[in-house]
Structure formats: C-alpha cells, structure tokens
Amino acid sequence: MAEANPPKSRLYTRTGDKGLTSLYSGDRVSKTHPIIEALGTLDELNSSIGIAHYYCEQAGNGLADQLKQIQQRIFEIGASVATPAASSSEVKQERTNFDGNWLRFLERWVDEVDAQNPPLRQFILPSGGESAIFLHQCRSVCRRAERLLVLVNEESALSPDVLKYVNRLSDYFFAAARRAAHYDQKVETVFVGNEKAPVDE
Numbered sequence: 001m002a003e004a005n006p007p008k009s010r011l012y013t014r015t016g017d018k019g020l021t022s023l024y025s026g027d028r029v030s031k032t033h034p035i036i037e038a039l040g041t042l043d044e045l046n047s048s049i050g051i052a053h054y055y056c057e058q059a060g061n062g063l064a065d066q067l068k069q070i071q072q073r074i075f076e077i078g079a080s081v082a083t084p085a086a087s088s089s090e091v092k093q094e095r096t097n098f099d100g101n102w103l104r105f106l107e108r109w110v111d112e113v114d115a116q117n118p119p120l121r122q123f124i125l126p127s128g129g130e131s132a133i134f135l136h137q138c139r140s141v142c143r144r145a146e147r148l149l150v151l152v153n154e155e156s157a158l159s160p161d162v163l164k165y166v167n168r169l170s171d172y173f174f175a176a177a178r179r180a181a182h183y184d185q186k187v188e189t190v191f192v193g194n195e196k197a198p199v200d201e
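Start counting the sequence shown at 1; every next residue gets the next number (full-length UniProt numbering).
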C-alpha cells in the first residue's frame, strides 16, 4: 500500500559543497569553470526576462508571449551548453540539441517589433518606464552571456545556432525596450555627448 504522504525530495544534494558540480555529460567541474559561468549567466538572464515579462504583461504591450517563449529557449540553450560534445554521448547530445530554426522566429520578431518603433537617430540610455528599463537590463545580461559563451566556444565547440541565437537576442531586447517605452508613452533619454561640467563659482 502506497504511503498517503510520500516524503518530499530534498532540494539540496551536498554534492557541490566542495566547489564542484556536474555537467549533463557527467563531468565534474569547478563552479568557476567557464561553462558554469555561462550557465549561471543564462539563468540570471532568464530571471531578468521573468521580471520584464511581468511588467510587459501588466502593460499589455504585446511582448509578454514572446518573452515567455524566449525563456523556454534560454533553458534549452543551457541544456545544450551543459552537454559538451567532446565528453557527451550521442544520445545526450541529441537530447539537448538546440533547434536552429528558432533563430528564424527570433529574427522575424526583431523585424516586427522594430518596425513599430520611430527611427533611431541618436544613442539612447536605458530609460522609458518600467517595462523598457527591465528589457534594457535583459539586453545587458544577454550580452554578458554571449561573451561567456564565446569564451566557452573557444575551448569546447558549441552549436553555432546557440551563438547566433544569443547574439540576435540582444537585438530583440533593444527593439523590445524601445517598443515598450513608446507603447507606454514614455520618453527615452538621449545620450548627450561632450557635455561640459559646470564651472564652480
């Protein structure tokens, strides 16, 4: 007879207490390993997208569904990165292979979202209301994730589609941030170059 209330599994395993963790390949690596740095940054990006999704959904600017789908792709990219080709079985590589066709959808979104924005004639600073600011934050974290993925790729070849998708994703966040600002009728702060500091009297 099954237990009425089976014991709940623990969130912790204690296997990482000495600063090591496991990749999906089974390899044990330091938590400072470039792959782990990249995975942690992808996780940070997904959390940032979650915040942006909340504000976009509240605003009703039409970006929330796209952001939700992007969160799924980030998780898939993480699985692919955690499965180095050099030390993973073909079965595991196939299971975590990132579908490059998602790039086509992302590029379409970039074009569609940016088409709704006014022409960009000056550099802008992260601004434009809550939704826009959090989307700009996503853009910044995404670029950091891309730099780390490039570093990983130099040591252990990643799927080219992963690098392309993350590269294009920062463009999406920029276009989406501008769209959110204009949808909310917020002013984007323009960068003013060569400003002179005020002279003390």
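Backbone N, C-alpha and C fix where the C-beta goes; we use that ideal spot for every residue, glycine too. Quick caveat, the model's predicted, so the values are computed rather than measured.
For residue i, which residues in the same chain have their Cβ closer than 6 Å to its Cβ, ignoring the five residues on either side in sequence?
i: Phe-123; result: Phe-191
i: residue 203; result: Not covered by the structure: residue 203. The range shown for the chain is 1 to 201.
i: Pro-84; result: Ser-25, Ser-156
i: Gly-60; result: none
i: Asp-114; result: Ala-175
i: Arg-73; result: Trp-102
i: Pro-118; result: none
i: Glu-130; result: Tyr-55
In this structure, how does DSSP classify residue i when only helix, strand and coil are distinguished?
i: Ser-9; result: coil
i: Met-1; result: Caution applies to Met-1, whose pLDDT of 49 falls short of 50 and renders its modelled position unreliable; the value that the coordinates give is listed next. Coil, per DSSP.
i: Leu-45; result: helix
i: Gly-60; result: coil
i: Val-82; result: For the record, residue 82 in the displayed sequence is Ala; it is not Val. Ala-82: coil per DSSP, three-state reduction.
i: Asp-99; result: coil
Going by beta carbon distance, what residues of the same chain come within less than 8 Å of residue i, once the five residues before and after it are set aside?
i: Leu-148; result: Pro-34, Glu-37, Ala-38, Thr-41
i: Glu-107; result: Arg-168
i: Met-1; result: Model confidence at Met-1 stands at a pLDDT of 49, short of 50, so the residue's coordinates are unreliable and nothing is read from them.
In chain order, what residues of the same chain have a beta carbon less than 7 Å from the beta carbon of residue i, not counting five sequence neighbours either side?
i: Leu-103; result: Asp-161, Lys-164, Tyr-165, Arg-168
i: Glu-44; result: Val-141
i: Lys-68; result: His-53
i: Leu-151; result: Pro-34
How about residue i and residue j: are their beta carbons less than 8 Å apart?
i: Gln-71; j: Asn-97; result: no
i: Ser-48; j: Gln-137; result: yes
i: Leu-135; j: Phe-173; result: yes
i: Ala-52; j: Gly-128; result: no
i: Leu-23; j: Ala-82; result: yes
i: Arg-28; j: Gln-116; result: no
i: Ser-170; j: Glu-146; result: yes
i: Trp-109; j: Gln-66; result: yes
Would you list the residues sitting across from residue i in a DSSP beta bridge?
i: Ser-30; result: Leu-20
*Could you give the uninterrupted runs of the beta strand (DSSP E) lying entirely in the region 111–199, keeping only those of 3 residues or more?*
For the region 111–199, not a single whole beta strand (DSSP E) run of length 3 or above is found.
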